[in-house]
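Numbering (our numbering), first residue to last: 344 to 587.
Right under this line is the structure:
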């Protein structure tokens, strides 16, 4: 599996990081997880291309995770592609229907299928996916792809999610702010290190980074390392990780 970070930023721009989006490729299967602002451009820059993405899996419906969903739809229509599947938690149909009301000229241009899922096991775009609800201000699902990859989505750090991801070769986790920011619905490094402790992951990548983290990466890594001994890195836009 090839995991390419298209967007590792958040709702507040940093200049170097676009909003949340990750593309997975395995043999002839391609799946885009989240589609924040900049995802369409990053798909082209990565060499994957929007033509290859016929399924989008949403963790939740905050704007920085869905802003490029209809730009992707329009680009696929203009390129002659015929369909797009959107999968996500409850409310995904209402989201897409509402966007069609705003952009009604796109309605009917391509075949759009919508699928709402909950915690449990699913088959999505040829991938076996386990979903688990996490702790955020809006209903959000984390996704696990066998023993290879777990994506946290936006969430607080908590033991149930750490257990859900245990044994993953790659665990991509929200770490939006450094320790001195008082925040709900996202973890700080010390909070994350506490729940990672005692678990085994091949490598942890930190993502969904706010501008508050700029220049403070080493400090954040040290806070995690004080409690968790495994390998932790910051995800970067357009970095590809190969997971066997």
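From the three backbone atoms N, C-alpha and C, an ideal C-beta is built for every residue, glycine too. Nothing here was measured: the structure is a model prediction, and the numbers come from that model.
1) With distances taken Cα to Cα, identify the nearest neighbour of residue 420 among 432, 438, 534 and 395.
2) Excluding five sequence neighbours on each side, which residues of the same chain lie with their C-beta closer than 6 Å to the C-beta of residue 582?
3) Measure the beta-carbon distance from residue 360 to residue 580 and round it to whole angstroms, keeping in mind my assumption that it falls under 8 Å.
4) Measure the C-alpha to C-alpha separation of residue 424 and residue 480 and round it to an integer number of angstroms.
5) Are the CB atoms of residue 474 and residue 462 nearer to each other than 8 Å?
6) Mapping DSSP to helix, strand and coil, what is residue 543?
7) Hey, out of 547, 518, 469 and 478, whose CA is closest to residue 533's CA?
8) Below 8 Å, how does it come out for the region 504 to 518 and the region 538 to 551: are there three or more Cβ pairs, yes or no?
9) Any idea what DSSP makes of residue 552, helix, strand or coil?
10) Throw me the rounded Cβ distance for the residue 368 and residue 345 pair, which I believe falls under 8 Å.
11) For residue 538, which residues from the same chain have a beta carbon less than 7 Å from its beta carbon, with the 5 sequence-adjacent residues on both sides left out?
12) Among 566, 491 and 551, which one has its Cα closest to the Cα of residue 523?
13) Would DSSP call residue 573 helix, strand or coil?
14) Where does residue 431 fall in DSSP's three states?
15) DSSP puts residue 350 in a beta bridge; with which residues?
16) Under DSSP, the beta strand (DSSP E) around residue 484 begins and ends at which residues?
17) Grouping DSSP H, G and I as helix and E and B as strand, with all else coil, what is residue 389?
18) Hey, how far is the Cα of residue 429 from the Cα of residue 405?
19) Work out the CA separation of residue 472 and residue 489 for me, nearest whole Å.
20) When you compare only the Cα positions, how much space is there between residue 476 and residue 389?
21) With burial defined as no fewer than 16 other Cβ atoms inside 10 Å of the residue's Cβ, what is the status of residue 448: buried or exposed?
22) Use the C-beta contact count for residue 445: other C-beta atoms within 10 angstroms, 16 or more gives buried, fewer gives exposed.
23) Helix or strand or just coil, what does DSSP make of residue 466?
24) According to the neighbour-count rule (16 or more other Cβ atoms, all chains shown, within 10 Å of its Cβ), is residue 563 buried or exposed?
So, from the listed chains and residues:
1) 395
2) 348
3) 6 Å
4) 35 Å
5) yes
6) coil
7) 518
8) yes
9) coil
10) 4 Å
11) 500, 501, 502 and 505
12) 566
13) coil
14) strand
15) 364
16) 484 to 488
17) helix
18) 15 Å
19) 7 Å
20) 30 Å
21) exposed
22) exposed
23) strand
24) buried
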